[in-house]
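What follows is one structure encoded as C-alpha cells, with my remarks underneath.
Numbering (our numbering), first residue to last: 378 to 583.
Structure follows, in C-alpha cells:
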C-alpha cells in the first residue's frame, strides 16, 4: 500500500507543477525531488509509461502494475481538482495547432522512449543501481525531453497527466478527453519500446 500512496503523491505534485507553470525545468526539478523521496518506496515511477516498462521487465506483477496505474491516475485527478480549487480554472491539455497528428505521435513516442530508457538504465544496471545521482539524472532527462517535445506535441510524456486532467475537465463539461488517446497510446508505446531496447543493450548485465 505504501508504494501506491507514494505513486499517487508523486503524480499529484508533477501535475500540480505542470498545471501552474508548464515549465519543463520546474517539472524536471520537481521530479528529481520526488525520485529521491520515493525511489526506495515505489521506485518513483509516477508515470504509466514507466510502470509499463518495469512490468515488461518483470519488475512489477500484473496486480502491482494495475495498482500503480490507478494510483497515478488518482493523483493526477486530485491535482487537477487542486488546480481548479486554487485558481478557479480547469486545467486541461491539448496538442499545438502548429503540428499535425503524426508529428505529435512521433514526439510523444520518441521522447518518452528516451526518458523511460534512462529510468530503466539507472534502476536496473549494476553500475548505476545505487548511484546517489539517479534523481538528478531522471529529473534532468525528463525536463530535457519536455523542452524538445513541448513545441511539437505539447510535451506530456505521461498518460496519467492527460487522463487525470481530462477526466476532471470532462466532469466540468469540457472535451479535452478527445486528446487522451494520443497522450496515452504514444507514451505507452515509447515505454514498451524502451523495455525492449533495454533488453537488447543490457541482456548480459542483470
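Cβ coordinates follow ideal geometry from the N, Cα and C atoms, glycine included.
Bear in mind that the values here come from a model prediction, so they are computed numbers and not experimental data.
Any idea if residue i is buried or exposed, counting beta-carbon neighbours within 10 angstroms, 16 or more meaning buried?
i, result
"residue 396", "buried"
"residue 432", "buried"
"residue 458", "buried"
"residue 541", "buried"
"residue 445", "buried"
Short of 8 Å in beta carbon distance, which residues of its chain neighbour residue i, apart from the five on each side in sequence? Order them along the chain.
i, result
"residue 429", "442, 565, 568, 569 and 572"
"residue 517", "405 and 409"
"residue 398", "404"
Just to confirm my understanding: we take residue i, look at its own chain, exclude 5 residues before and 5 after, and list those with CB closer than 7 Å. What are they?
i, result
"residue 394", "403, 404 and 407"
"residue 484", "526, 529 and 530"
"residue 536", "425, 426, 560, 561, 564 and 565"
Please determine, among the options, the residue with the shortest C-alpha to C-alpha distance to residue i.
i, options, result
"residue 468", "546, 380 and 378", "546"
"residue 509", "445, 413 and 379", "413"
"residue 401", "533, 580, 542 and 558", "533"
"residue 416", "461, 434, 540 and 382", "382"
"residue 460", "574, 435, 543 and 434", "543"
"residue 420", "487, 511 and 552", "511"
"residue 391", "519, 548 and 490", "519"
"residue 472", "437, 497, 499 and 482", "482"
"residue 551", "470, 379, 418 and 444", "470"
"residue 502", "462, 424 and 578", "578"
"residue 488", "422, 447, 465 and 524", "524"
Might you give, ordered along the chain, the residues of its own chain that have their beta carbon closer than 6 Å to the beta carbon of residue i, omitting 5 neighbours on each side?
i, result
"residue 452", "385, 388 and 389"
"residue 486", "563, 566 and 567"
For the segment 425-459, list the alpha helix (DSSP H) runs that are entirely contained and at least 4 residues long, ordered along the chain.
The segment 425-459 contains, as complete alpha helix (DSSP H) runs of 4+ residues, the segments 425-433 (chain order).
Please specify which runs of the alpha helix (DSSP H), each continuous and at least 4 residues long, are wholly inside the segment 485-547, giving them in chain order.
DSSP runs (the alpha helix (DSSP H)) wholly in the segment 485-547: 511-530.
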